[in-house]
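To start, the structure itself, in structure tokens.
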Amino acid sequence: MSPEGIEDIRNWGVDQVDEVTRREIYQAGDDAASLTRIYGVNLHDVFEFGSQQEYQSYFLNDLGGSLFTNDVELVIGLDQGSNDSFIMPVKMEVEVHPDPVMHRSQRQGYYAWAEHGFGVLDNRRIVAASF
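Numbering (my numbering), first residue to last: 220 to 350.
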């Protein structure tokens, strides 16, 4: 979710959650970055989410998705309760090479690269929502 979305969670009122939950949110810290888990759900702020941001524009314009009326932000949820849906295929293993440029300054250094991707085998583990 967007950093603004996490800020909105920190500002939930008594009409949205009970006092115990509000206290736990408040005790999480003074900055939005410290709120990382609520109701057993890990929250990750991604700057590309939010109104007029890259991922939300891609969802709306390229994928043809839509948000509920009066909603302004997209949220993506991933169920990682089991390891059967998300994969990270590796096309090429990591190759590590010594850096010859570092040798001239009497230092030792390395550089590396790899090719990999990400995939979803079962889309029932993903939810797109808006608020």
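Positions of the beta carbon are idealized from the N, C-alpha and C atoms, including for glycine.
- Message: So, for residue 256: in the same chain, excluding its five sequence neighbours on each side, which residues have a beta-carbon less than 7 Å away from its beta-carbon?
- Response: 262
- Item | Sub-9 Å separation of residue 264 and residue 224 beta-carbons | yes
- Task: Using beta-carbon positions only, say whether residue 341 and residue 328 come within less than 9 Å of one another.
- Result: In this structure, residue 328 does not lie closer than 9 Å to residue 341 by Cβ.
- Message: What would DSSP say about residue 230, mapped onto helix, strand or coil?
- Response: coil
- Do you know whose CA, among 331, 297, 302, 306, lies nearest residue 347's CA? 297
- Query: In chain order, what residues of the same chain lie with their CB nearer than 8 Å to the CB of residue 278, ignoring the 5 residues before and after it?
  - Reply: Cβ-Cβ distances below 8 Å link residue 278 to 284, 293, 347 in the same chain, with the five nearest sequence neighbours on each side left out; the list follows chain order.
- Query: Residues bridged to residue 385 by DSSP?
  - Reply: Beyond the ends of the chain as shown, which are 220 and 350, falls residue 385; an answer cannot be given.
- Could you check what DSSP says for residue 349 in three-state terms: helix, strand or coil? Look at residue 349 here: in three-state DSSP terms it is strand.
- Round the Cβ separation of residue 287 and residue 220 to the nearest angstrom and send it over; I've been treating them as touching at under 8 Å. At roughly 15 Å, the Cβ-Cβ gap does not stay under 8 Å, so residue 287 and residue 220 are not in contact.
- Query: Counting pairs of Cβ atoms below 8 Å between the stretch 300-309 and the stretch 330-345, do you hit three or more?
  - Reply: yes
- Start and end residues, beta strand (DSSP E) containing residue 293: Boundaries of the beta strand (DSSP E) harbouring residue 293: 293-297, taken from the DSSP string.
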